[in-house]
Each structure stands twice: as C-alpha cells, then as structure tokens.
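Visitor: My questions all concern the structure below.
There are 2 protein chains.
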Amino acid sequence: MQILVVEDEPRLAEAIAQILKEKKYMVDIANDGRDGYDLAVSGAYDCIILDVMLPIKDGYQVASDLRKEHIATPILMLTAKDTVADKVKGLDSGADDYMTKPFSPDELLARIRAMTRRQGEVVLDEISFEDLTLSLSAYNITCKDKSVHLNFKEFEILRILMSNPAAVVTKEDLIVKVWGYDSNAVDNNVEVYISFLRKKLEFIGSCVEITALRKIGYRLEVKKSAE
Amino acid sequence: MQILVVEDEPRLAEAIAQILKEKKYMVDIANDGRDGYDLAVSGAYDCIILDVMLPIKDGYQVASDLRKEHIATPILMLTAKDTVADKVKGLDSGADDYMTKPFSPDELLARIRAMTRRQGEVVLDEISFEDLTLSLSAYNITCKDKSVHLNFKEFEILRILMSNPAAVVTKEDLIVKVWGYDSNAVDNNVEVYISFLRKKLEFIGSCVEITALRKIGYRLEVKKSAE
DNA sequence: GAGGCCCTATGCAGATACTTGTTGTTGAAG
DNA sequence: CTTCAACAACAAGTATCTGCATAGGGCCTC
Chain A
267 MQILVVEDEP RLAEAIAQIL KEKKYMVDIA NDGRDGYDLA VSGAYDCIIL DVMLPIKDGY
327 QVASDLRKEH IATPILMLTA KDTVADKVKG LDSGADDYMT KPFSPDELLA RIRAMTRRQG
387 EVVLDEISFE DLTLSLSAYN ITCKDKSVHL NFKEFEILRI LMSNPAAVVT KEDLIVKVWG
447 YDSNAVDNNV EVYISFLRKK LEFIGSCVEI TALRKIGYRL EVKKSAE
Chain B
267 MQILVVEDEP RLAEAIAQIL KEKKYMVDIA NDGRDGYDLA VSGAYDCIIL DVMLPIKDGY
327 QVASDLRKEH IATPILMLTA KDTVADKVKG LDSGADDYMT KPFSPDELLA RIRAMTRRQG
387 EVVLDEISFE DLTLSLSAYN ITCKDKSVHL NFKEFEILRI LMSNPAAVVT KEDLIVKVWG
447 YDSNAVDNNV EVYISFLRKK LEFIGSCVEI TALRKIGYRL EVKKSAE
C-alpha cells in the first residue's frame, strides 16, 4: 500500500511517515505542493495525506488539480485550520476527509483504513468462462474484441449456464428459473433461445459452445479444435 | 439523491432532515438501529447518516452488519462520543467518516458531498459523457454552446445514467433511486421522464442518446452518425 | 391565477416472446 | 441394415406486450 505525504515541515512529515511505516505502508514524502502534485498525478498511490499550507501551490489547489485530471486517489487533508469554512473548502476542492492538527496517530490510521478499504472492493460485475465474458451490467457477451448484446431471455439463460459451467442444466430448470415455476412455457421455447445464443457465440468467435446432452440438458463446453 | 438518517432523538433527526431537504436530498428517517438496518439493506440510499447510541442495535453494529451484507453505501457516523478510541471503533466497523456533535450544517453537507462524489467519480461540480455535460449545481445540461435546464426528476435520472455510462439501469433501479424504495411510482413515470430527457438532448444537439433495451433498462449511447 | 412540476391515461408502433411446422439426429427394435 | 419413434434444431409467422409520445389534470409556488 503506497501512501504519499505532502507536508512542508520536515519533522512532521517524518513523524507521519514513521507512524505509517510501522504499519507496513510504503511512504513517499513531498515537501511542497508542486512536487506533491507531480508525484500524485502518476496515480501510483493508494492514498494521499495532504497539508493545506504549502509552498508554491497550496493543498486546495493540489486536490482540485488532481480531480480535474481524473485522479481519484483518496485524499486526507491535514491542517491546523479548523474553521467550518476551511473544512468545507477542503472537502469541496476534492478531499475525501479532513483532519485538524494536532491529531492522534490512531485516528489517522483509522481514517486511512476507512478511505482505502473502499478501493479494494471489487464489484462483481461479470462472469467468465474460457474466452467468453458475460457482463452483468451491460447485458452483453464479449470474446476477444468482439461483443454482442443479449436480450433479456438470452441473458438469463446464459447467466445460468455460465454461473455453473461444469453442470448440466435441464430444460425444466431453465424454464423454472427464467420463465417462472408457474409458467406454461414448453421445452421448445428453450430450444429457440439456445439456438439464438449459439448464433451469437458463433458470431463473436468464441471457443465456447452450448452442447446438448440428449434427454439430459445443456452444458457449456470448449469447442473441439477440429471443427 | 436518497439519504437515510438513523437517529433516535426525534428533534435532532428532524433538524438534520430539514437541512438535507433544503438541498433537495430525499430523506428517510429511522428511529432505532434495527429499523435503520432494515431500510439500509435495500441498498436504495446514496448515503447513511448514522448515530451511534441507538435503541435495540447500536450504530457500530448496524455499520458492521451492513458491510457484512456487502452493502457499500457510504456511512457518516454522527455522535457525541469524541474520544479517539470511539472514532477508531466507528471507522473500523465500516463507517466512511465520523463527525462529532455538535456539528455545523455546512460541514455536514460538505462531508456528504465528499462521500457521494466518489460514487460516480464526479469531478467536483459536473459529470461529463462525450459532448454532454451535466452541471450538478445549476441543474442543467450543456452541449457545445447550447444548454437547457432540467427539472428535479429529469436531473436525478440523468445523473444516475451518466454516473455509470456503460451500465444498463433498470426502471426498478431508477424508481428506487429517484422516487424512493417505498414509492408507488410505476414504470410509465420513468418512461415519461426519459421521453422529456430525449427531447432536451435532441434540442441541445448532443450526440448522446438514451437507448432502451427491452425488458432490461436504459443506457447512454453515442448516436450513430447515420441519423 | 399563471406557470412549473409531477403524475396518469391513452393510442400506437414495433420488438419480443411464443407457436407452429419442417427438417435433422439419435438410438433401439425388428 | 433398415425402420421407426422420440427428441432436437431451426425458420418463419403471429400475437402480445413493452415502451413511446402526447395530452390533460392536480398540486404547489410565486
């Protein structure tokens, strides 16, 4: 975990660095706003601790310039200014959090944990099987660089197949899960959509195919090389 | 923008709600930890303001339970407890920010802005997609030199669409996030506002359009050149 | 009471979902 | 080896239902 400390007073900067290093964070220090900005635009840091009163370029400016460049690194602003107006200015210039000096090391660490925690959260947004990727938010399938949109029923069916690639899914299962247990859909309905899906898999050139196992159901498989 | 206030003292809850409503936030209030949790798990809120000392289930518990359920809604913890240990406990139980009473309304609002900003990776005051820019403070959209005002519902819908341009947003999602999860708005309401938005996009000559994907939802797309 | 905002109702167009029918495939019985 | 029944795939046609646009009415603010 990389942290950038932008602070012009060497002793304070060193003290903060020490606190962080003890917790195994990797720390870089910048002594003025310009250096801080230059380091931060790399996007290499997981968190930036930013003083407000800085030579050359103040903290508000640094934060706001970073946001303009679409650098989304969490910023914790750290300063002696404790009026509400200062806090509002800091937060609105792009900071995610604002702490006033003097501060407690434990609180600093807790706020860093809170800010960086969010970073690692991956939104489960897609399912993959071999070279095939199903996007749950965009409702399409992608293989290499080609992608194609799925309509509702196709999507639901493929999602069920892909969420359990090894398993064989019966038509009854599909009807219950896609059409609803009280529907009067017939097997042929499923066959029709399977056929649509096969066409789309073919179109994007995926190596995945939907195999029918007679009397049993459907399963995803990797195409045999000898086509 | 939906905000949940979890606070057992009715007068304070009402005061907070008032501050927020003035800024056009939609506010729900829960009076104890259990109700707060039940409302929050819906995932309908953009932000939760959470008191610590609550009947039935305290704020730490609520925050930590929500995180266990993978509800990532930003939480601002609000309490009279101001020791470092309390702050650490609050932040580590899942809160994103921690404010002590008494607090300034302006600071509260600034911290809410800071927390919700990250949601859509908004650069300060505006969101952009292709040639379209949505101003969060002026409630209007601009394309090249033309701009047009949006009313509240139009604005909220477009903000949601633009904050995640690749994703398909269902009508359900829009109803929950714009009308509130307990509203009885119907799909047609959404359709009407989508229709208004399209007219305004057309009017300012944007290359962005709102595409409907049947049975799935809406998505922003760039207009095909061959009109 | 004028104007803006929000919701409801309605007719229409077109995409989607389902049906039907033909052809192809499989496997077991004769 | 042939025949037949059961099952599967697919194309094409039809009907339904979703989504769109527009109009009108209630409500609130100014």
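Protein chains in written order, with my numbering: chain A, 267 to 493; chain B, 267 to 493.
Where is the CB? At the ideal position from N, CA and C, for every residue including glycine.
(1) Report the three-state DSSP secondary structure of S330(B) (helix, strand or coil).
(2) Counting pairs of Cβ atoms below 8 Å between the region 465-481 of chain B and the region 388-404 of chain B, do you hit three or more?
(3) Could you list the residues in the region 444-472 of chain B with a C-beta less than 7 Å from some C-beta on chain A, going in chain order?
(4) Determine the chain A residues that contact D362(B) at a beta-carbon separation under 8 Å, and present them in chain order.
(5) Got a sec: is the Cβ-Cβ distance from Y405(A) to anything in chain B below 8 Å?
(6) Within the 8 Å Cβ cut-off, does F418(A) reach chain B?
(7) In angstroms, rounded to a whole number, what distance separates the CA positions of H415(A) and A478(B)?
(8) Which residues mark the beginning and the end of the alpha helix (DSSP H) in which L357(B) is found?
(9) So, do the region 351-366 of chain B and the region 320-331 of chain B have three or more beta carbon pairs nearer to each other than 8 Å?
(10) For the alpha helix (DSSP H) that contains N455(B), what are its first and last residues?
(11) Once you ignore the five residues that flank L440(A) on each side, which residues in its own chain have a CB closer than 7 Å to its CB?
(12) For the beta strand (DSSP E) holding K412(A), just list the boundary residues, first then last.
(13) Taking V350(A) as the reference, give the member of L342(A), H336(A), T366(A) with the closest Cα.
(14) Leaving aside the five residues before and after I495(B) along the sequence, list all residues of the same chain whose C-beta is less than 6 Å from its C-beta, in chain order.
(15) Going along chain B in order, which residues have a C-beta closer than 7 Å to the C-beta of E373(A)?
(16) In terms of residues, what are the limits of the alpha helix (DSSP H) holding M428(A)?
(17) Counting along the chain, where does the beta strand (DSSP E) carrying G446(A) start and finish?
(18) Along chain A, which residues have their Cβ under 9 Å away from the Cβ of S370(B)?
(19) Could you give the residue range of the beta strand (DSSP E) that holds I393(A)?
(20) Enumerate in chain order the residues of its own chain whose CB-to-CB distance from R377(B) is below 8 Å, with the five nearest sequence positions on each side excluded.
(21) Report all residues from its chain with a CB closer than 6 Å to the CB of L320(A); omit the five preceding and five following residues, and keep chain order.
(22) When DSSP builds the beta bridges, which residues end up paired with S401(A)?
(23) Spell out whether any CB of chain B is found under 8 Å from the CB atom of D223(A).
(24) Could you check if L390(A) is buried or exposed, using at least 16 other CB atoms within 10 Å of its CB as the buried criterion?
(25) Have a look at M292(B), D352(B), T408(B), D317(B) and flag the residue whose alpha-carbon is nearest the alpha-carbon of K466(B).
(26) Shortest alpha-carbon distance to I476(A) belongs to which of L486(A), S403(A), P368(A)?
(27) Which residues in chain A have a C-beta closer than 8 Å to the C-beta of K290(B)? List them in chain order.
(28) Are the beta-carbon atoms belonging to F418(A) and I482(B) less than 8 Å from one another?
(29) So for Y303(B), helix, strand or coil by DSSP?
(30) Whole angstroms is fine: what's the gap from D312(A)'s alpha carbon to Q268(A)'s?
(31) Quick check: does the Cβ of M343(B) come within less than 7 Å of any heavy atom belonging to the ligand NAD?
(32) Just mark A346(B) as buried or exposed, buried being the case when its beta carbon has 16 or more other beta carbons within 10 Å.
(33) Which of the residues in the region 306-331 of chain B, read from start to end, lie with their CB under 7 Å from any CB of chain A?
(34) Within its chain, find whatever has a CB closer than 8 Å to the CB of A433(A); leave out the 5 residues flanking it on each side and keep chain order.
(35) Taking the C-alpha atoms as reference points, what is the distance between G302(A) and K489(B)?
(36) State the Cα-Cα distance for the pair Y291(A) and A279(A), rounded to the nearest angstrom.
Guide: In this structure, then:
(1) helix
(2) yes
(3) none
(4) A380, M381, R384
(5) yes
(6) yes
(7) 12 Å
(8) 350-358
(9) yes
(10) 453-469
(11) I423, I426, V456
(12) 412-415
(13) T366(A)
(14) No statement about residue 495(B) is possible, as the shown extent of chain B runs from 267 to 493 and does not include it.
(15) V350, K353, V354
(16) 418-428
(17) Note, G446(A): premise wrong, no beta strand (DSSP E); not H, not E.
(18) V350, K353, V354
(19) 392-395
(20) L342, D363, M365
(21) D274, D298, G299
(22) E392(A), N406(A)
(23) Outside the shown range of chain A (267 to 493) lies residue 223(A), about which nothing can therefore be said.
(24) exposed
(25) T408(B)
(26) L486(A)
(27) Simply none; closest approach about 17 Å.
(28) yes
(29) helix
(30) 5 Å
(31) Absence of the ligand NAD from the depicted structure is noted, as is the absence of any ligand whatsoever, leaving it without description.
(32) exposed
(33) none
(34) R485
(35) 41 Å
(36) 14 Å
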